[in-house]
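Just so you know, we're using full-length UniProt numbering here: the sequence shown kicks off at 3 and counts up by one. For each residue, glycine too, the CB sits at the ideal point set by N, CA and C. Okay, structure first, notes after.
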Amino acid sequence: KKTVKDVDVKGKRVFCRVDFNVPMKDGQVTDETRIRAALPTIQYLVDQGAKVLLASHLGRPKGQAVEELRLTPVAKRLSELLGKDVKKTDEAYGESVKSEIDSMNEGDVLLLENVRFYPGEEKNDPELAKAFAELADVYVNDAFGAAHRAHASTEGIAKHLPAVSGFLMEKELDVLGKALSNPERPFTAIIGGAKVKDKIGVIDNLLEQVDNLIIGGGLAYTFVKAQGHEVGKSLLEEDKIELAKGFMEKAKAKGVNFYMPVDAIVADDFSADANTKVVAIEEIPADWEALDIGPKTAETYRDVIQKSKLVIWNGPMGVFEIDKFAQGTKAVAQALADANDTYSVIGGGDSAAAVEKFNLAEKMSHISTGGGASLEFMEGKQLPGVVALNDK
Ligand code: 3PG
Numbered sequence: 003k004k005t006v007k008d009v010d011v012k013g014k015r016v017f018c019r020v021d022f023n024v025p026m027k028d029g030q031v032t033d034e035t036r037i038r039a040a041l042p043t044i045q046y047l048v049d050q051g052a053k054v055l056l057a058s059h060l061g062r063p064k065g066q067a068v069e070e071l072r073l074t075p076v077a078k079r080l081s082e083l084l085g086k087d088v089k090k091t092d093e094a095y096g097e098s099v100k101s102e103i104d105s106m107n108e109g110d111v112l113l114l115e116n117v118r119f120y121p122g123e124e125k126n127d128p129e130l131a132k133a134f135a136e137l138a139d140v141y142v143n144d145a146f147g148a149a150h151r152a153h154a155s156t157e158g159i160a161k162h163l164p165a166v167s168g169f170l171m172e173k174e175l176d177v178l179g180k181a182l183s184n185p186e187r188p189f190t191a192i193i194g195g196a197k198v199k200d201k202i203g204v205i206d207n208l209l210e211q212v213d214n215l216i217i218g219g220g221l222a223y224t225f226v227k228a229q230g231h232e233v234g235k236s237l238l239e240e241d242k243i244e245l246a247k248g249f250m251e252k253a254k255a256k257g258v259n260f261y262m263p264v265d266a267i268v269a270d271d272f273s274a275d276a277n278t279k280v281v282a283i284e285e286i287p288a289d290w291e292a293l294d295i296g297p298k299t300a301e302t303y304r305d306v307i308q309k310s311k312l313v314i315w316n317g318p319m320g321v322f323e324i325d326k327f328a329q330g331t332k333a334v335a336q337a338l339a340d341a342n343d344t345y346s347v348i349g350g351g352d353s354a355a356a357v358e359k360f361n362l363a364e365k366m367s368h369i370s371t372g373g374g375a376s377l378e379f380m381e382g383k384q385l386p387g388v389v390a391l392n393d394k
């Protein structure tokens, strides 16, 4: 795939799709990771003398303008980070935007309004894709986080312009691609999170590649049940028990070491002031629910992590948002941080948030900016936003 380095952008209008879908509170950006991650590409375009049009979605406004989902606070933060004025338009295409672009100088940066204010964006309406394309000479996709969406600004537009990837996109594909195609071994995947339902594809695909598969989080209890133990009031997907059994059999057949919790922290209530205790996994009381992995489990997981050369982590081990149930997730994050010879890849979303919360982000080898996108990549799926990039 071509990257932004393979095209001449000097004096050109470049439509650069970024993922500025960042958390906000009271009109302020509360986590600017994704903005910072896009800076290398933006700075490069500026330095090359391009006229940089940035486009992003924010939230899920469902095809209409929603005041709180305007990108104005993002433009402000980006401007501070770039040390350069960033103008923002109130629309994402059309005559008003065109005349704004006409007055741009080389090296100027313009942020277009939230592309999801238009119903055509998520429908990948060819008319909207064309309207976006009319604004520019070159298309750069640096929005790895949105690459699993076939939308007008991530997929449709690429049909009309020379379309290349940005540096963030390139790096994400490189790291995740290498991990899956030519992994250093032992290769371990840690899969957590609430639901088996959301992780079926990724577990299935990773069982083809890994040496060790570690299971944690709410989804683990469907596996515990599949082993024949009672799980009390823990999360349980009755209709996925057979599937869980199938995964354990597949692991055996493939020679993958399958690690499950051997103990758990159980609570009598899903709350910060619940009573809690540590129990062996086959002894979860009927009226209690498991909300974190136990200390013995955490120790075993730490060992496996430390002996691995490559670890991919997606999904927390427990309800880490509540301190009482954060120990397991913290132990995994700490083990990754301490393992100097281990290349650690953190899938976006909750695992990235957990690593941030424990102040261990800078100790990880790679933290993906994509939640859904990194998951779909690890499922072995093609990402439409990547497939659409061409060599025109
Ligand atoms: C994300 O936050 O994972 C991406 O920005 C995609 O957002 P979406 O799930 O609303 O498409």
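Secondary structure of residue i, DSSP reduced to three states
| i | result |
| --- | --- |
| F134 | helix |
| S101 | helix |
| N207 | helix |
| M380 | helix |
| F146 | helix |
| S353 | helix |
| T5 | strand |
| L391 | coil |
| S236 | coil |
| Y95 | coil |
| V334 | helix |
| A246 | helix |
| M26 | strand |
| G374 | helix |
| F327 | helix |
| V11 | coil |
| T35 | helix |
| I44 | helix |
| V313 | strand |
| A160 | helix |
| A181 | helix |
| E108 | coil |
CB contact flag (residue i, residue j, <8 Å)
| i | j | result |
| --- | --- | --- |
| G387 | S370 | no |
| I286 | T344 | no |
| E157 | N126 | yes |
| D51 | G13 | The residue you asked about is not Asp; residue 51 is Gly in the sequence shown. Contact: yes. |
| D270 | V280 | no |
| L293 | G320 | yes |
| I44 | R79 | no |
| V6 | V166 | yes |
| P263 | A222 | yes |
| V313 | I193 | no |
| F146 | E174 | yes |
| V20 | A40 | yes |
| L391 | V204 | no |
| G372 | A57 | no |
| V140 | P121 | no |
Residue i classed as buried or exposed, judged by whether at least 16 other C-beta atoms fall within 10 angstroms
| i | result |
| --- | --- |
| K394 | Low local confidence applies: a pLDDT of 46 at K394 is under 50, so the model's placement there is unreliable, with the coordinate-based value given in what follows. By the 10 Å Cβ count, K394 comes out exposed. |
| residue 1 | The structure shown does not extend to residue 1, since the chain is modelled only from 3 through 394, so no value can be given for it. |
| V54 | buried |
| P25 | exposed |
| V16 | buried |
| R187 | exposed |
| K242 | buried |
| E240 | exposed |
| N107 | exposed |
| S183 | exposed |
| T91 | buried |
| E124 | buried |
| A32 | Here residue 32 turns out to be Thr, not Ala, going by the sequence shown. With fewer than 16 other Cβ atoms within 10 Å, it is exposed. |
| A154 | buried |
| E291 | buried |
Start and end residues, beta strand (DSSP E) containing residue i
| i | result |
| --- | --- |
| R151 | From DSSP, R151 is part of no beta strand (DSSP E); its letter is neither H nor E. |
| S167 | 165–167 |
| R15 | 15–19 |
| A52 | Per DSSP, A52 belongs to no beta strand (DSSP E) and is neither H nor E. |
| I193 | 189–193 |
| T299 | Segment 297–308 is the alpha helix (DSSP H) holding T299; no beta strand (DSSP E) there. |
| F260 | 259–261 |
Element boundaries [alpha helix (DSSP H), containing residue i]
| i | result |
| --- | --- |
| K78 | 74–84 |
| E123 | 121–125 |
| T224 | 222–228 |
Residue i beta carbon near the ligand 3PG (any heavy atom closer than 7 Å)
| i | result |
| --- | --- |
| R72 | no |
| D21 | yes |
| R38 | no |
| R151 | yes |
| A154 | no |
| residue 2 | Because the chain is modelled from 3 through 394, residue 2 falls outside the range shown and cannot be assessed. |
| G147 | yes |
| R62 | yes |
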